[in-house]
Amino acid sequence: MDTFLQLTVDALTLGSVYALIALGYTLVYGVLKLLNFAHGDVFMVGSFIGFGVLQLLGGTSKPVVPVWLLLVLMVLAAMVGCAVLGVVIERFAYRPLRDAPRIAPLISALGVSFFLANSMQLLFGATPRNYNIFDLANASLYTKGFNVGNVHVALLRIITVVAAFVLMVLLWFLVNRTRTGKAMRATSYDREAAAMMGIDIDKVIVFTFVLGSALAGAGGVLQSLRVPTTVAIGFVVGLKGFTAAVIGGIGSIPGAMAGGLILGFAESFSQGYISTKWSDLIVFSILIAFMIFRPQGLLGRADIRKV
Amino acid sequence: MAILDINGVSLSFGGLKVVDGLDLHVNEGEIVSVIGPNGAGKTTLFNLITGIYRPDEGDITLDDQSIVGLQPHVISQRGVSRTFQTLRLFLNMSVKENVMAAAYGHTRAGVFRSMLRTPGMRREEREIERLAQERLAFFGKRLMGYRWDQPAYSLSYANRRRLEIARATATNPRILLLDEPAAGMNPSETHEITELIGELRTEGGYTILVIEHDMHVVEGISDRVVALDHGVKIAEGSFDAVATNAKVVEAYLGLQTAATK
Amino acid sequence: MSDSTPHGSHVPAEGPAVGQDEWVARHAEQRFMPGGPLGALEDRIRRVPWWAWLILFLAAASTLPVFEHSGYVRYVAFSTVLYMLLALGLNVVVGWGGLLDLGYVAFYGIGAYAYAMLDSDKFGIHLPTIVSVPLVVAIGAIGGFLLGLPSRRLTGDYLAIVTLFFLQLFQTITTNGDAAFGHNLTGGPNGILNVDPFHLGKHDLVVQHEGIFAVSYFYVALAVFAVVFVALRFVNQSRTGRAWRSQREDPLAAEAMGMPVNWLKLLSFSFGAAVAALTGTLFAAQSASVFPLTFYFVLLIIVYTMVILGGSGSQAGVVAGAVIVSPLLELLRDPGKSRVIFFLALVGGLLLMSRRSRALGIVAIVTLAFGFAVHEILGAIDKSWIAGEHQGGFAGVTDHWVVAPAHMARWIAPTSYIGLIAAVLLVTMVRGRLRLALLVPTVYLTAFVWENVMLAKPEPARYIVLGVILIALMILRPNGLLGERRVEIV
Chain W
1 MDTFLQLTVD ALTLGSVYAL IALGYTLVYG VLKLLNFAHG DVFMVGSFIG FGVLQLLGGT
61 SKPVVPVWLL LVLMVLAAMV GCAVLGVVIE RFAYRPLRDA PRIAPLISAL GVSFFLANSM
121 QLLFGATPRN YNIFDLANAS LYTKGFNVGN VHVALLRIIT VVAAFVLMVL LWFLVNRTRT
181 GKAMRATSYD REAAAMMGID IDKVIVFTFV LGSALAGAGG VLQSLRVPTT VAIGFVVGLK
241 GFTAAVIGGI GSIPGAMAGG LILGFAESFS QGYISTKWSD LIVFSILIAF MIFRPQGLLG
301 RADIRKV
Chain Z
1001 MAILDINGVS LSFGGLKVVD GLDLHVNEGE IVSVIGPNGA GKTTLFNLIT GIYRPDEGDI
1061 TLDDQSIVGL QPHVISQRGV SRTFQTLRLF LNMSVKENVM AAAYGHTRAG VFRSMLRTPG
1121 MRREEREIER LAQERLAFFG KRLMGYRWDQ PAYSLSYANR RRLEIARATA TNPRILLLDE
1181 PAAGMNPSET HEITELIGEL RTEGGYTILV IEHDMHVVEG ISDRVVALDH GVKIAEGSFD
1241 AVATNAKVVE AYLGLQTAAT K
Chain B
2001 MSDSTPHGSH VPAEGPAVGQ DEWVARHAEQ RFMPGGPLGA LEDRIRRVPW WAWLILFLAA
2061 ASTLPVFEHS GYVRYVAFST VLYMLLALGL NVVVGWGGLL DLGYVAFYGI GAYAYAMLDS
2121 DKFGIHLPTI VSVPLVVAIG AIGGFLLGLP SRRLTGDYLA IVTLFFLQLF QTITTNGDAA
2181 FGHNLTGGPN GILNVDPFHL GKHDLVVQHE GIFAVSYFYV ALAVFAVVFV ALRFVNQSRT
2241 GRAWRSQRED PLAAEAMGMP VNWLKLLSFS FGAAVAALTG TLFAAQSASV FPLTFYFVLL
2301 IIVYTMVILG GSGSQAGVVA GAVIVSPLLE LLRDPGKSRV IFFLALVGGL LLMSRRSRAL
2361 GIVAIVTLAF GFAVHEILGA IDKSWIAGEH QGGFAGVTDH WVVAPAHMAR WIAPTSYIGL
2421 IAAVLLVTMV RGRLRLALLV PTVYLTAFVW ENVMLAKPEP ARYIVLGVIL IALMILRPNG
2481 LLGERRVEIV
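Protein chains in written order, with this note's numbering: chain W, 1 to 307; chain Z, 1001 to 1261; chain B, 2001 to 2490.
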């Protein structure tokens, strides 16, 4: 029972971060029908921005600001930085290819991903960066929290999950309750029709990249609070987020959240009950099962083929 | 004798009935035109016959054998071929290759024989090439000569329509479905295509089902005309009978509908 | 019709009022018939049959070891041939099948691992090469088929995720395969060592001759390449090849014209995988060992760059891509040669562009002067700014031109690199004189970054070059060097 609880807590932490990444994929796919391979690397850059801010503000041992402000600043800086990065990527690598054959932006995206990962390695090296959150305020982020039975739920995990969900609620609000959000949904439904209705497609796409990349940046910092980051994590993280988005139904926002959580649970439970080594295999099996039995994903809608 | 039999076929997308309990019979060697306003379900009918959509209800038989649920390429190999209203050529392939590709269904050389260029495979290749030349020659000089090796995208609009027909005939079909063959053509080209459809029957021996908006074409070619509206057959018979049918006039012009409501 | 010659027929006007159709036809004919001596030459070159080019290429390649005795260069030539094979295989899937297969290099790995398992002390099996290689190819083909199976009805995007995940899975399995159900199957991160060389009967095709690369493997690889090239060419010119390209152009129309699209997709997948697996056996036999990380994302991007650079869909193109990229990556390892390549590319690029506009010539001269000026001024302010050492080719030239700080402060690298990216992006955004003016500091900054930041770390630097090539190609010339111009109407 304790193992089960512990794994559930792990799954929620992991899953909420996956959900943040999956949202970026889903949003961009929605408006551009493009799988943005570089998204995982935007996440990686976010984790490095967080690290940079942490160092600027004195590091974990001697922070110059209160702990809560430190965390907020790290997340905010990563969000802003990644939003800018996302917009630049869209403007220069994807926009010129908007009317090209569908395979072209996909390959351009591969190039961007490769470029980002190697540029970061060029500038900052391949050594892992550890936030060392344990040193922060006498490990209070680890020791504080609450207990469920014998399982201790650390404050750090609560912060991660709550922050992720707050961001997701914010996103939901932006997409469903604002004018730009409505324009975004219209664009994802039918780009040409939306353009004819007077929606500025470029603006919508930029907005989408801002949202998606900012979420990835936040995800990068939240993830790296617990796990050291390296310049190479983009590939695997992107792959998982991408899978989560597909499982949930690509293009669907609640789907991405559900997909992220499913992936989090699948990974943490297979690691806990089966083997730490083979969780990839389990996740891959789930992906294949979805491809065969429900290719439109959990909450996606099946398209009617137009001829 | 009916070569193609459509019995009580229905299809809906979401809540919308696109085709509703449709019956249609096409006899061997006949030219049947399908007319109706936009959204009447004409192209959907073609998609149902060729297996792109699967009907919710009803049955479609070819030579008394049901073809419902078969994959499109199997239906094509059984002898149903079509053109597309929106022109779906293999744009980056040469004109000749477009036609040669369509011979896939009735040729047999496998990949290993192709790799080794066996005599049998080479013979078949020559036959495919001859078939392509023959099908392209059907259109006089319009698709001949230097055009063979040019990519399909370099063709003019009317020639693309012609190439689609040539490609469709290269599958060696018995029944040919032509989706608006005269759309976008000028009067002289339209006249030419009208004559050509007649020749397709006399020389090619195809049974032909045509969707067409141009009433001159419909008048010129049809043995029989079927009018659809909102997925329902509203009239059937000779051109004169259908063209003067009150329901058909109503469907096109909507006059009486407006008056009765 | 009697008139069946593809060239030279004239289209007569048919009756009156022929309209735009005929007009288009006449003009098209004029346009497609090149004139003048240059046109005649071009026509002549176009008429050289593909097999003549192939023989020419093979002949040229096989004389390489006669002139080049360095084991290193010969080895690079060998691995270039492996890349050529990989590019040919990927071309089947991407170029002809139109499928985005991101798990491609996993099949290369499967081939290498399968050969290593069938021919090494690992399990004590030592199959003769003529048995093991066909077996491995079959394993690759079946593997490709199975991977394609669940994704067969799906569009490119879904295929991309399944195959990409498959690549990751290959890593997981090979890396953790040393403890699978209590057995050591793959050797884990340490891989499989002491793999047999190719052997026939009791004769080994030795890997090394007196400690250096044995050139026999180069010839074996070249022979395999020739066979694969011709076999794939023949398939492409058959009904299967036409059907592949048809379904790439329009799957629905292909299906309606009697082509079993799903089967064809699986077939092209399977073909690509088989070629990759075959190449894997060559790799494993020559290097005598296999490790998981050889077959990962980096290799995938390298092979993709080759295919895209050369022109996906064109066999000659993808081979050219491999012949360019593979040696380029080797040269970029060495800072001295890397600098030579950089300046040659820079000068070449400026020259090429200046054919279109004379102003670029002026830009080049101004940049040169700008460089000397910056160098002198900074040197006058603080000697340490220009005290850095230049090494290798062109060092004498660049000594007085590119600023090289003796000590790289931590902020210099990120600032100049990010500044360079910003400058390049800005140049692409502005037009006219402003662009020319901006080009001067941008070119200089590029030289600075290359000299001081990139040369210090050749490993990421050369991959950055690949990434830039990929993005720039997709935007500027998506058909690559030799690919056909493609149109797509959506």
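Glycine included, each C-beta is placed from N, C-alpha and C at the ideal position. All values derive from a computational prediction rather than experimental measurement.
Straight through space, the alpha carbons of G2241 (chain B) and I1197 (chain Z) are spaced by roughly 31 Å. Runs of the alpha helix (DSSP H) lying entirely within the region 1038–1087 of chain Z, each at least 4 residues long, are 1042–1049, 1072–1078 in chain order. Taking the Cβ atoms as the reference, A2413 (chain B) lies roughly 5 Å from V2453 (chain B), within the contact range of under 8 Å.
Counting C-beta atoms within 10 angstroms of its own C-beta, P128 (chain W) has fewer than 16 neighbours from the protein chains shown and is therefore classed as exposed.
Assignment of A163 (chain W) by DSSP, reduced to helix, strand and coil, places it in the helix class.
The region 1129–1149 of chain Z makes contact with the region 1094–1114 of chain Z: 3 or more CB pairs, one atom from each, lie closer than 8 Å.
Here DSSP, grouped into helix, strand and coil, assigns S2070 (chain B) to coil. By the C-beta criterion, the region 1014–1029 of chain Z is judged to be in contact with the region 1197–1215 of chain Z, since at least 3 inter-stretch pairs fall below 8 Å. The C-alpha of A1109 (chain Z) lies about 8 Å from the C-alpha of G1120 (chain Z). The alpha helix (DSSP H) runs of length 4 or more contained entirely in the region 19–92 of chain W are, from start to end of the chain, 39–56, 67–89. Residue contact with chain B for Q121 (chain W): present (Cβ-Cβ distance below 8 Å to some residue of chain B).
Looking at the DSSP output, I1211 (chain Z) sits in a beta bridge with Z:V1034, Z:D1179. Contact annotation: the region 2088–2104 of chain B does not touch the region 2175–2188 of chain B, with fewer than three C-beta pairs closer than 8 Å. R129 (chain W) carries a strand assignment under DSSP once its states are collapsed to helix, strand and coil. Interface annotation, S2246 (chain B): in contact with chain Z, CB-CB separation under 8 Å. If you draw a 10 Å sphere on the C-beta of Q2208 (chain B), you find fewer than 16 other C-beta atoms in it, and that means exposed. Judged by DSSP in its simplified three-state form, T276 (chain W) adopts coil rather than helix or strand. Distance from the CA atom of S1066 (chain Z) to the CA atom of Y1053 (chain Z), rounded to whole angstroms, is 15 Å.
Separation of L222 (chain W) and G238 (chain W) (C-alpha to C-alpha, rounded to the nearest whole angstrom) is 15 Å.
Residue burial annotation: Q2168 (chain B) is buried, with at least 16 other C-beta atoms found within 10 angstroms of its C-beta.
If you draw a straight line from the Cα of V246 (chain W) to the Cα of A2437 (chain B), it is about 47 Å long. With respect to chain B, the C-beta atom of G249 (chain W) has no partner C-beta closer than 8 Å. By the neighbour-count criterion, in which a residue is buried when 16 or more other Cβ atoms sit within 10 angstroms of its Cβ, K240 (chain W) is buried.
At a cut-off of 8 Å, the C-beta of N1038 (chain Z) has no neighbouring C-beta in chain B. DSSP, read as helix, strand or coil, puts H2407 (chain B) in coil. Residue state for A104 (chain W) is assigned as helix, using DSSP reduced to three classes. Counting along the chain, the unbroken alpha helix (DSSP H) around K1247 (chain Z) starts and ends at 1246–1253. Here the C-alpha atom of A2316 (chain B) lies approximately 7 Å from the C-alpha atom of L2482 (chain B). When C-alpha distances from S2338 (chain B) are compared across B:L2082, B:H2199, B:A2461, the shortest belongs to B:A2461.
The criterion of a C-beta distance shorter than 8 Å is satisfied by A2243 (chain B) and A1101 (chain Z). Within the region 1002–1020 of chain Z, no residue has its Cβ closer than 9 Å to any Cβ of chain B. Of all residues in the region 2216–2234 of chain B, only A2231, F2234 come within less than 7 Å of chain Z when Cβ atoms are compared, listed by chain position. Using a 10 angstroms sphere on the CB of E1057 (chain Z), the tally of other CB atoms stays under 16, which defines it as exposed. Per the Cβ contact rule, the region 184–195 of chain W is not in contact with the region 254–262 of chain W (fewer than 3 Cβ pairs under 8 Å).
For F2229 (chain B), the CB contacts under 7 Å within the same chain, skipping 5 residues up- and downstream, are L2054, L2088, Q2315 in chain order. Following the DSSP letters along the chain, one finds S224 (chain W) inside the alpha helix (DSSP H) bounded by residues 201–224.
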